[in-house]
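Quick notes on the structure that follows.
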Ligand SMILES: Cc1cc2nc3c(=O)[nH]c(=O)nc-3n(C[C@H](O)[C@H](O)[C@H](O)COP(=O)(O)OP(=O)(O)OC[C@H]3O[C@@H](n4cnc5c(N)ncnc54)[C@H](O)[C@@H]3O)c2cc1C
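In full-length UniProt numbering, the protein residues as written are 1 to 276.
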């Protein structure tokens with residue numbers, strides 16, 4: 001596809017962007033950082049009728065502390081996630097995960113909303129946000145709705161977003177004072193998506209683990225904090241068993257992904273428990 005032939009608009013308000021998407025009746029694509037959409041347009045794997053850029057809608061770059069959670073605008077870049085003091089203070093595991101993804105060029109352009117809407121199984125954001133229990137805010141022609149990140153991602157490249165909707169913000173709960181969280185990733189090549197990754201939030205006696213990359217959408221497990229090696233091994237076994245949709249590709253077999261899910265689950269829970 002010749003990208004220069006596409007209709008292109010860069011509205012300055014969300015309402016105008018939504019109007020354009022409705023007018024194009026689902027045949028337009030939203031452009032955020034362009035790190036995935038632009039290659040897809042050039043390769044012809046995406047063939048929209050038009051592109052609507054979010055690049056001039058400033059409200060999507062805000063980060064607000066709303067008392068119990070951070071409201072992070074969809075166009076906040078991965079570099080900002082990695083470096084912003086409010087994110088470091090309120091959800092340090094998100095900042096840590098962002099620091100380890102891709103490379104500096106991609107982090108400078110890639111956005112939080114773009115990562116979630118793109119729904120690559122090995123991306124960091126969905127895994128971490130499932131572990132900490134974050135929600136997304138979505139605007140469309142019929143108004144606004146909020147849904148858990150765990151319900152947003154339906155599969156590889158598939159989300160619950162309608163083509164006329166825009167993901168506007170992510171609501172990230174403040175990490176409770178006594179809670180601890182950790183994130184680990186396995187990638188064969190530095191700068192690539194993880195083959196499998198895992199995040200854990202240990203809060204009091206309970207733990208929530210999210211595993212990304214093993215299956216087309218994140219797997220989430222909850223339970224009591226394992227108190228000994230046997231309980232930790234049991235949690236790893238549960239993680240592997242939960243990855244029923246593990247898949248083969250050029251990076252790993254399904255069996256290897258399940259094994260990684262077990263190993264990373266054990267390690268990430270230990271890391272969270274030890275406050276790593
Ligand atoms: C070489 C390379 C390595 C990478 N490695 C990693 C990695 O290790 N870990 C990782 O997590 N990510 C990785 N990424 C992904 C990258 O960090 C971005 O998150 C991703 O490319 C999409 O973000 P974007 O803002 O560029 O979205 P775009 O490319 O602009 O858009 C991607 C898709 O999301 C849609 N979209 C974007 N924003 C919205 C919105 N607000 N509402 C509705 N739909 C929207 C677009 O229409 C499009 O379909 C990598 C990317 C590249 C190119």
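The beta carbon of each residue, even a glycine, is placed where N, CA and C say it ideally should be.
Residue i: CB within 7 Å of a non-hydrogen atom of ligand 2
i: residue 37; result: This structure lacks ligand 2; its bound ligands are ligand 1.
CB-CB length for residue i against residue j, believed under 8 Å
i: residue 131; j: residue 242; result: In fact, because the Cβ distance is near 14 Å, the residues do not count as touching under 8 Å.
i: residue 152; j: residue 159; result: 5 Å
i: residue 200; j: residue 214; result: 15 Å between Cβ atoms; not a contact.
i: residue 188; j: residue 273; result: About 27 Å; that fails the 8 Å criterion.
i: residue 194; j: residue 122; result: 4 Å
i: residue 40; j: residue 7; result: In fact, because the Cβ distance is near 17 Å, the residues do not count as touching under 8 Å.
i: residue 236; j: residue 265; result: 5 Å
i: residue 136; j: residue 144; result: Between residue 144 and residue 136 the Cβ distance is about 11 Å, and since that is not below 8 Å, they are no contact.
i: residue 33; j: residue 114; result: 5 Å
i: residue 73; j: residue 62; result: 5 Å
i: residue 220; j: residue 150; result: 6 Å
Buried or exposed (CB count within 10 angstroms, at least 16 for buried), residue i
i: residue 120; result: buried
i: residue 69; result: buried
i: residue 289; result: Because the chain in this structure spans residues 1 to 276, residue 289 falls outside the shown range and cannot be described.
i: residue 43; result: exposed
i: residue 118; result: buried
i: residue 226; result: buried
i: residue 164; result: buried
i: residue 12; result: exposed
i: residue 4; result: exposed
i: residue 127; result: buried
i: residue 89; result: exposed
i: residue 101; result: buried
i: residue 27; result: exposed
i: residue 60; result: buried
i: residue 154; result: exposed
i: residue 111; result: buried
Span separating the alpha-carbon of residue i from that of residue j
i: residue 116; j: residue 19; result: 22 Å
i: residue 139; j: residue 21; result: 11 Å
i: residue 232; j: residue 205; result: 14 Å
i: residue 184; j: residue 23; result: 43 Å
i: residue 246; j: residue 255; result: 7 Å
i: residue 67; j: residue 234; result: 37 Å
i: residue 93; j: residue 259; result: 23 Å
i: residue 169; j: residue 71; result: 6 Å
i: residue 249; j: residue 124; result: 19 Å
i: residue 84; j: residue 177; result: 19 Å
i: residue 207; j: residue 270; result: 11 Å
i: residue 198; j: residue 268; result: 7 Å
i: residue 202; j: residue 45; result: 40 Å
i: residue 14; j: residue 57; result: 7 Å
i: residue 230; j: residue 196; result: 23 Å
i: residue 162; j: residue 91; result: 29 Å
i: residue 99; j: residue 81; result: 8 Å
i: residue 10; j: residue 172; result: 28 Å
i: residue 263; j: residue 97; result: 18 Å
i: residue 218; j: residue 192; result: 18 Å
i: residue 142; j: residue 134; result: 23 Å
i: residue 52; j: residue 87; result: 28 Å
i: residue 313; j: residue 47; result: Only positions 1 to 276 of the chain appear in this structure, which leaves residue 313 out of reach.
i: residue 252; j: residue 148; result: 29 Å
i: residue 38; j: residue 30; result: 11 Å
i: residue 257; j: residue 103; result: 23 Å
i: residue 299; j: residue 129; result: Lying before the first or after the last residue shown, residue 299 is absent from the chain, which here runs from 1 to 276.
Margin query: For the stretch 98–113 against the stretch 66–77, do three or more pairs of beta-carbon atoms, one drawn from each stretch, fall closer than 8 Å, so that the two count as touching?
Written below: yes
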